[in-house]
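Asks:
There are 2 protein chains.
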Amino acid sequence: MAAAAGVSRATVSRVINNAVSVAPGIRDAVQRAIASTGYVPNVAARSLVTRRSNSVALVISEPDRPDDHSFLNRIFTDPYFGRVTAGATGALRPHDVHLVVVPTDSADHHQVIRYLRQGHVDGVLLICSSEHDPLPGQVHALGIPAVLSSQPAAPLPVSHVDLDQRLGARLAAEHLIARGCRRLATISGPLDIPAGSERLEAFRAAAGAGAPAVISDFTRAGGEAAAHRLLDDHPGLDGLFVASDLMAEGALRAVQDRGRRVPDDVAVVGFDDSSPALECRPQLTTIRQPVEEMAAEMAQLLVAHIDEPGRAARSVIFQPTLVLRASA
Amino acid sequence: MAAAAGVSRATVSRVINNAVSVAPGIRDAVQRAIASTGYVPNVAARSLVTRRSNSVALVISEPDRPDDHSFLNRIFTDPYFGRVTAGATGALRPHDVHLVVVPTDSADHHQVIRYLRQGHVDGVLLICSSEHDPLPGQVHALGIPAVLSSQPAAPLPVSHVDLDQRLGARLAAEHLIARGCRRLATISGPLDIPAGSERLEAFRAAAGAGAPAVISDFTRAGGEAAAHRLLDDHPGLDGLFVASDLMAEGALRAVQDRGRRVPDDVAVVGFDDSSPALECRPQLTTIRQPVEEMAAEMAQLLVAHIDEPGRAARSVIFQPTLVLRASA
DNA sequence: TTGTACGCGTTATCAT
DNA sequence: ATGATAACGCGTACAA
Chain A
247 MAAAAGVSRA TVSRVINNAV SVAPGIRDAV QRAIASTGYV PNVAARSLVT
297 RRSNSVALVI SEPDRPDDHS FLNRIFTDPY FGRVTAGATG ALRPHDVHLV
347 VVPTDSADHH QVIRYLRQGH VDGVLLICSS EHDPLPGQVH ALGIPAVLSS
397 QPAAPLPVSH VDLDQRLGAR LAAEHLIARG CRRLATISGP LDIPAGSERL
447 EAFRAAAGAG APAVISDFTR AGGEAAAHRL LDDHPGLDGL FVASDLMAEG
497 ALRAVQDRGR RVPDDVAVVG FDDSSPALEC RPQLTTIRQP VEEMAAEMAQ
547 LLVAHIDEPG RAARSVIFQP TLVLRASA
Chain B
247 MAAAAGVSRA TVSRVINNAV SVAPGIRDAV QRAIASTGYV PNVAARSLVT
297 RRSNSVALVI SEPDRPDDHS FLNRIFTDPY FGRVTAGATG ALRPHDVHLV
347 VVPTDSADHH QVIRYLRQGH VDGVLLICSS EHDPLPGQVH ALGIPAVLSS
397 QPAAPLPVSH VDLDQRLGAR LAAEHLIARG CRRLATISGP LDIPAGSERL
447 EAFRAAAGAG APAVISDFTR AGGEAAAHRL LDDHPGLDGL FVASDLMAEG
497 ALRAVQDRGR RVPDDVAVVG FDDSSPALEC RPQLTTIRQP VEEMAAEMAQ
547 LLVAHIDEPG RAARSVIFQP TLVLRASA
């Protein structure tokens, strides 16, 4: 290649990385040679010296999983993770950074750690399903740039992007109360995730500490089962806050299968404002979470940390909003 | 590292890649040193010499797209692509190969080509939305191992994995006829995709060439609109074959919104057997496509091609099956 | 069986 | 502004 242009490799490199001061004539000659040769730099060689891979990992960590197959299926089919992936991919593209999606559970954390240590990626976007997940700590100990989707139980000096979960739950409770519901209940996610515990706590703080709750798992089937249990134990409930739209879709079905009308008999408020909210009948009144924007922010923060290693960690908290539709 | 174990770097390399003949004593010593040091080989340096990156790309190519945001969102939210990603990820994991998901349209094919040429990945899983997509040809010209999800219009000596689309459509038509439907219609996908045109043709071959059809786009909203159009023009139809479950979910809604009962007034058969089939009410009778298995097969073929460059291309065709549920 | 030494293709430093 | 040349960290002939 250098030969083709009649210059040294160093000059070629300078042209490609448009470094300062290359004579216009030489530059053009090199670019012509590049075009005609179809030359592209070898990334391995480049990475070896720059210590950059121009790609980052999106690690989705779950504490345990039943089996490989259904775990992967759930991850890649869940609208929430889909939105995260879409948001991150979109934000990374202008930086010419690619995304490697790495689902993991505690059984193969070491694999992930090894992957990261090998230098495959320049940084990590870390989505944890439990606030006690050890992965964030391990990643931080590695010294590799990372951005979390929520602060772990043991706070870490690592940037993270999150939603004001409590505000979201409060908006839901207040809306149900304002529309006249008197017997409120909720279906929450797992309590070891902030998105589970905080939404539950804040809902109860606004709806009354005695408000019945069933802990579920953020799946549609889980939401349906939880709603049935709730209706068994509290037949009189007239307002239901469900901590994710996917669970709300299941809950809606349960309520309707028992012959109760939504929202007249039971008003239902979901959480997320993801596609299931529009697929339900009636469509879901829900707490909107700008997942794509949040993922994009994570990506941008990560890029910033990679470009400027000393950069101070920061946390960015997004505000949820109430989206009024037909279910409440 | 070599120093830590008191041996040469070459020996360390041999232990790590468990090459032949390393003295047991030395081997143990090296492994201890590795464990205590926490040493991991640098992938860039390794790739530079082995010319392997141990990762492959999953390229999802669409001809054109309205805007970046909704494109990414659709890709990462569509249950079909989710299943593909899950299947490929699962099959690749045992090989220690990672997956980079690369959505693209014709506007940035050159970006993808450049990405591939740079040697970021060892091979490509290529999902094209149009059989006239030039990408498969370009990738093949590059000489980089690839596996396609369907044969392009201009056949290429490249392995591909597909479903027997025609058989699927025929099963659907035969089932509708067998259950007594007399006025059949169909909602198809875009005609420049085999999954669109072949399902339509085969359905008409079995149901009668005059069976009304509306061409849609494999989205839920598209399916709903198509069903409305179909019911406007053919109020008497009593059997509907919809070429994807996602569209079928929308179509079901349209049929029911017009006060017609499923399956009594209109029987509906979907295609895919993905999660929407179970979320509908009534649940969808559908043509099952083992997407995860097919994606896994693609991944395994790709790995085989990477390991054995001269390997002959082959095509693997999966058979669809009818899954009986409530909608037909 | 083990060590020595070279090459992989770039970027970066240092002369010029 | 440009060209030698030294790393970068590994695998692997080849020699011992």
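For the protein sequence lines, the chains are A and B, in the order given. Going by the numbering used here, the first residue of the first sequence is number 247, and it counts up by one from there. Going by the numbering used here, the first residue of the second sequence is number 247, and it counts up by one from there. Think of the CB as a built atom: it goes at the ideal place given N, C-alpha and C, for glycine as much as any other residue.
In chain order, what residues of the same chain lie with their CB nearer than 7 Å to the CB of Pro309(B), ignoring the 5 residues before and after it?
Replies: For the purposes of this step, residue 309(B) is identified with residue 63 of the second sequence, where counting begins at 1. These residues qualify, in order along the chain: Asp351, Ser352, Ser375, Ser376 and Asp379.
Asks: Using the three-state DSSP reduction, which class does Pro458(B) fall into: helix, strand or coil?
Replies: On the second sequence, residue 458(B) is found 212 positions in, with the first residue counted as 1. In this structure, Pro458(B) counts as coil in the three-state DSSP scheme.
Asks: Go ahead and label His356(B) buried or exposed: buried means 16 or more other beta carbons lie within 10 angstroms of its beta carbon, across all protein chains shown.
Replies: Stepping through the second sequence from its first residue, residue 356(B) is reached at position 110. Label assigned to His356(B): exposed.
Asks: Going straight from the alpha carbon of Pro391(A) to that of Glu543(A), what length do you get?
Replies: As a position in the first sequence, residue 391(A) is number 145, starting the count at 1. As a position in the first sequence, residue 543(A) is number 297, starting the count at 1. Using only the alpha carbons, I get a separation of about 15 Å.
Asks: Between which two residues does the alpha helix (DSSP H) containing Asp478(A) stretch?
Replies: Position 232 of the first sequence, counting from 1, holds the residue named residue 478(A). Looking at the DSSP string, the run of the alpha helix (DSSP H) that includes Asp478(A) is Arg466 to Asp479.
Asks: Can you tell me whether Thr532(A) is buried or exposed, with buried defined as 16 or more other CB within 10 angstroms of its CB?
Replies: Within the first sequence, residue 532(A) is the residue found at index 286, counting from 1. Under this definition Thr532(A) is a buried residue.
Asks: Could you list which residues in chain B have their beta carbon closer than 7 Å to that of Leu599(A), in chain order?
Replies: Only positions 247 to 574 of chain A appear in the structure, and residue 599(A) is not among them; the question remains open.
Asks: Contact criterion: CB-CB distance below 8 Å. Does Phe464(A) meet it with respect to chain B?
Replies: One-based indexing of the first sequence puts residue 464(A) at position 218. Chain B contact via Cβ: absent.
Asks: Would Arg255(B) be called buried (16 or more neighbouring beta carbons within 10 Å of its own) or exposed?
Replies: Here residue 255(B) refers to the residue found at position 9 when the second sequence is read from its first residue. Exposed.
Asks: With which residues is Val270(A) paired in a DSSP beta bridge?
Replies: One-based indexing of the first sequence puts residue 270(A) at position 24. The sequence given here places Pro at residue 270(A); Val does not occur at that position. For Pro270(A), which the question treats as bridged, DSSP gives no partner whatsoever.
Asks: Report the option in Arg499(B), Leu547(B), His406(B) and Asp519(B) whose CA atom is closest to the CA atom of Arg527(B).
Replies: Mapped onto the second sequence, residue 527(B) falls at position 281. Nearest of Arg499(B), Leu547(B), His406(B) and Asp519(B) to Arg527(B), Cα basis: Arg499(B).
Asks: Could you check which residue in Leu524(A), Leu486(A) and Asp503(A) has the C-alpha nearest to that of Val515(A)?
Replies: Translated into positions along the first sequence, residue 515(A) becomes position 269. Closest by alpha carbon: Leu486(A).
Asks: Looking at C-alpha atoms only, which residue of Val302(B), Gly252(B) and Ala523(B) is the closest neighbour of Arg278(B)?
Replies: Working through the second sequence from its first residue, we reach residue 278(B) at position 32. Nearest C-alpha to Arg278(B): Gly252(B).
Asks: Are at least three pairs of beta-carbons, each pair with one atom in the segment 427 to 437 of chain A and one in the segment 446 to 462 of chain A, less than 8 Å apart?
Replies: Result yes; three or more Cβ-Cβ pairs closer than 8 Å.
Asks: Looking at the secondary structure, which residues open and close the beta strand (DSSP E) in which Arg534(A) lies?
Replies: In the first sequence, the residue the question calls residue 534(A) occupies position 288. Where Arg534(A) is concerned, the enclosing beta strand (DSSP E) stretches over Thr531 to Arg534.
Asks: Can we say the segment 284 to 295 of chain B touches the segment 274 to 292 of chain A, given the rule of at least three CB pairs closer than 8 Å?
Replies: The segment 284 to 295 of chain B vs the segment 274 to 292 of chain A: in contact.
Asks: 8 Å is my cut-off, CB to CB: does Val207(B) come that close to chain A?
Replies: Lying outside 247 to 574, the shown extent of chain B, residue 207(B) is not represented and no answer is given.
Asks: Kindly list the residues whose CB is nearer than 7 Å to the CB of Leu417(B), restricted to its own chain and excluding five residues on each side of it in sequence; keep chain order.
Replies: Position 171 of the second sequence, counted from the start, is the residue given in the question as residue 417(B). Ile533, Pro566 and Leu568.
Asks: Among the residues of its own chain, which have a CB less than 6 Å from the CB of Phe317(B), if the five just before and after it don't count?
Replies: In the second sequence, the residue the question calls residue 317(B) occupies position 71. Only Arg311 meet the Cβ criterion.
Asks: Inspect the beta-carbon positions of Leu371(A) and Leu548(A) and report whether they are closer than 8 Å.
Replies: In the first sequence, counting from the first residue as 1, residue 371(A) sits at position 125. In the first sequence, counting from the first residue as 1, residue 548(A) sits at position 302. Yes. Within cutoff.
Asks: For the segment 359 to 404 of chain B, which segments carrying the alpha helix (DSSP H) assignment without a break, of at least 4 residues, lie completely within its bounds, in sequence order?
Replies: Counting whole runs of 4 or more residues, the segment 359 to 404 of chain B contains the alpha helix (DSSP H) stretches 381 to 388.
Asks: Report the residues of the segment 350 to 369 of chain A with a CB closer than 8 Å to any CB of chain B, ordered along the chain.
Replies: Correct list: Arg360, Tyr361, Arg363, Gln364, Gly365 and His366.
Asks: Compile a chain-ordered list of the residues in the segment 263 to 289 of chain A whose CB is closer than 7 Å to at least one CB of chain B.
Replies: Answer in chain order: Val286, Pro287, Asn288 and Val289.
Asks: Using Cβ-Cβ distances below 8 Å, what residues of the segment 523 to 552 of chain A are close to chain B?
Replies: Residues passing the 8 Å Cβ filter: Glu525, Arg527 and Glu538.
Asks: For Leu446(B), count neighbouring Cβ atoms within 10 angstroms of its own Cβ and tell me buried if that reaches 16, exposed if not.
Replies: Within the second sequence, residue 446(B) is the residue found at index 200, counting from 1. Flag for Leu446(B) reads buried.
Asks: Between the alpha carbons of Gly468(A) and Leu476(A), how many angstroms are there, rounded?
Replies: Here residue 468(A) is taken as the residue at index 222 of the first sequence, counted from 1. Here residue 476(A) is taken as the residue at index 230 of the first sequence, counted from 1. Computed Cα separation, rounded: 12 Å.
Asks: Should Asp519(B) be flagged as near chain A, meaning a C-beta pair shorter than 8 Å?
Replies: Against the second sequence, residue 519(B) aligns to sequence position 273. Not an interface residue.
Asks: Measuring straight from C-alpha to C-alpha, what distance separates Asp342(A) and Asn300(A)?
Replies: Mapped onto the first sequence, residue 342(A) falls at position 96. Mapped onto the first sequence, residue 300(A) falls at position 54. Computed Cα separation, rounded: 7 Å.
Asks: In whole angstroms, what separates the C-alpha of Glu554(B) from that of His366(B)?
Replies: Counting from 1 along the second sequence, the entry for residue 554(B) is found at position 308. Counting from 1 along the second sequence, the entry for residue 366(B) is found at position 120. One C-alpha to the other measures close to 19 Å.
Asks: Could you tell me how far apart the beta carbons of Pro382(B) and Pro403(B) are, in whole angstroms, since I believe they sit closer than 8 Å?
Replies: Your numbering for residue 382(B) matches position 136 in the second sequence. Your numbering for residue 403(B) matches position 157 in the second sequence. So it is not a contact: roughly 11 Å between Cβ atoms.
Asks: Could you list which residues in chain A have their beta carbon closer than 9 Å to that of Phe449(B), in chain order?
Replies: Working through the second sequence from its first residue, we reach residue 449(B) at position 203. The contacting residues do not exist; Phe449(B) stays about 26 Å from chain A at best.
Asks: What residues from chain A crowd round Ala291(B), counting only those whose CB sits closer than 7 Å?
Replies: By one-based count along the second sequence, residue 291(B) stands at place 45. Under the 7 Å cutoff, chain A gives Leu294.
Asks: For Ile280(A), tell me which candidate among Arg360(B), Val305(B) and Gly328(B) has the shortest Cα-Cα distance.
Replies: Mapped onto the first sequence, residue 280(A) falls at position 34. When each option's Cα is compared against that of Ile280(A), the closest is Arg360(B).
Asks: Tell me which residue opens and which closes the beta strand (DSSP E) that Pro219(B) is part of.
Replies: Outside the displayed range of chain B (247 to 574) lies residue 219(B), so it cannot be described from this structure.
Asks: Gln411(B) and Ala448(B) look like a contact to me (Cβ under 8 Å); what is the Cβ gap, rounded to whole Å?
Replies: Here residue 411(B) corresponds to residue number 165 of the second sequence, with the count starting at 1. Here residue 448(B) corresponds to residue number 202 of the second sequence, with the count starting at 1. Rounded, the Cβ-Cβ distance is 7 Å, consistent with contact.
Asks: What did DSSP end up calling Ala431(A) once you bin it into helix, strand or coil?
Replies: Mapped onto the first sequence, residue 431(A) falls at position 185. Reduced to three states, the DSSP call for Ala431(A) is strand.
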